[in-house]
Structures are given as C-alpha cells and as structure tokens.
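Here is the structure we will look at, set down as structure tokens.
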Amino acid sequence: MKLPLEFYENHDTITLSQRLLGCELVHKSPEGTTAGLIVETEAYLTGDPACHAYRKKTVRNAAMFGPAGTLYVYLIYGFYYCLNVVTGPEGVGEAVLIRALEPTEGLDLMGERRSLDPTTKAGLRGLTSGPGKLVIAMGISRDHNFLSLTESGIYIRPRILPDFEMVTTTRIGITQGADLPYRFYVRGNRFVSKP
DNA sequence: GCAGAGATTTTCT
DNA sequence: GAAAATCTCTGCA
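For the first sequence, this note's numbering gives the first residue as 368, with consecutive numbering after it.
Here is the structure:
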C-alpha cells in the first residue's frame with residue numbers, strides 16, 4: 368500500500384503539505400525497515416524567497432525541478448541533510464520539507480543510527496524530532512536524492528492517523544519569507560520540533 | 001531547563 | 001568572505 372504518483376501530481380504544494388500530515392513515510396533498507404508518521408511539514412514554492420529554487424537551478428537543487436513524487440535531499444550547514452518531497456510538474460522548483468516524524472517501525476534500528484535509547488522517553492523523542500534527525504534515523508543520505516517515491520524502497524503510505532487537529536503557522540529557521548504561513552503540524556504531537 | 005558556541009559544504013554578493 | 005530550510009554539547013541556573 369503506497370500512495371500513487373497521481374497523489375503527488377494532482378495537488379498543489381500547499382495542499383500536499385497538509386495532506387501528507389498523518390501519512391507514513393517508509394524506508395526499506397538493507398539493514399531493515401524504518402517508518403514514521405509525518406507530523407510536521409513546510410511548503411517551499413517558486414517565487415518564495417526562502418526556497419532553494421527561488422534564484423536559479425543549480426546542481427544542488429536540481430531535484431526540486433524534477434517531476435512530482437521525487438525525493439530532494441540536501442546538505443544544510445555542512446552537517447545535516449534535510450528530506451523533501453518534490454511537487455509540481457517537471458521544471459517547476461517546488462517541494463515539501465519533512466520536518467518531523469513519529470516513529471512507528473524499526474525503532475531499534477533508528478536508535479542505533481542515532482545512538483539513542485528508544486526505550487526512554489527522551490531517547491524516543493530525539494529520534495525524529497527535527498529535519499536533520501529524522502534523515503539519520505531513517506537511514507537516508509545524499510544517495511537518495513532524485514529517487515522516486517513510487518519506484519524505490521522509500522515511499523509514503525496513505526494517512527493512517529485517525530483524527531488530529533492541524534495547525535498552520537510560519538516556518539522555522541529561515542530569514543527570508545519568514546512571515547508566510549507555510550508550516551503545518553499535528554497539534555499536541557510530541558515529535559513536532561517546535562509546538 | 002535554557003542560552004550560546006561550533007562544526008563544514010554549497011552558493012551567492 | 002559570509003550566510004544558510006540544523007544539531008549537539010557545554011556552562012550556568
């Protein structure tokens with residue numbers, strides 16, 4: 368059960384940011400399967416000064432211009448990777464940043480990758496409570512850039528979180544376009560980076 | 001429990 | 001040369 372390509376093609380970036388909340392991101396790696404519910408996202412659109420694709424296409428942001436349903440993984444601050452779901456048709460640089468997950472599968476493997484103990488409260492929360500952390504916990508690296516969410520070991524299952532309240536607010540950690548309400552998260556979820 | 005420094009690649013002024 | 005869609009560790013309350 369995975370979301371079909373049409374899901375990514377038939378909605379705009381803002382709508383997808385909202386609809387991805389409560390869906391489950393799954394990664395089947397050689398070491399084992401890890402998965403988590405998406406509980407926090409941010410939208411990055413063309414014409415948005417905070418978007419990497421705002422100025423022009425480079426080797427780093429090329430994946431953002433790919434077809435909807437492509438993964439965009441990039442290095443931030445020289446240390447950490449961030450995971451994005453590319454949206455919009457090919458040639459349009461838009462994407463949804465996955466900021467936080469609630470782990471559902473492969474907790475031990477996540478704990479190993481993050482050097483944390485998932486049986487403790489603090490260790491569990493630290494696994495995926497931020498964009499750079501969840502990339503490590505899921506075993507995602509620069510090699511996953513350009514991969515397709517419908518044709519690889521990484522994919523997203525339809526929404527399985529029954530009921531939740533969605534909060535819309537401004538984005539985090541950026542200086543340009545910081546007043547745009549393009550951040551979405553599940554209210555009260557422990558794994559949201561900043562409630 | 002919170003605030004601040006530091007790590008390091010990619011891109012642009 | 002500097003800033004960027006971040007995290008961890010340290011020091012002090």
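Each residue gets a CB set at the ideal place from its N, CA and C atoms; glycine is no exception.
Distances from the alpha-carbon of Lys-500 to those of Gly-478, Val-463, Pro-548 put Gly-478 closest.
Assignment of His-511 by DSSP, reduced to helix, strand and coil, places it in the helix class.
Between Ala-545 and Thr-535, the CB-CB gap reaches or exceeds 8 Å. DSSP lists Asn-451 as the beta-bridge partner residues of Tyr-439. Closest in alpha carbon position to Glu-532, among Tyr-441, Tyr-439, Arg-492, Gly-555, is Gly-555. For Met-431, the secondary structure class from DSSP, reduced to helix, strand or coil, is helix.
Counting the other CB atoms within 10 Å of its CB gives Leu-442 a total below 16, which places it among the exposed residues. Closest in alpha carbon position to Val-459, among His-378, Asp-475, Pro-434, is Pro-434. Secondary structure at Ile-521: strand, using DSSP grouped into helix, strand and coil. Around Tyr-375, the same chain offers Ala-435, Gly-436 as residues with beta carbons nearer than 6 Å, after the five sequence neighbours per side are excluded. Boundaries cannot be given for Val-459, as no beta strand (DSSP E) includes it and DSSP labels it neither H nor E.
Bounds of the beta strand (DSSP E) holding Ile-405 are 399-411.
In this structure Val-463 is buried. Its beta-carbon is surrounded by 16 or more other beta-carbon atoms within 10 angstroms.
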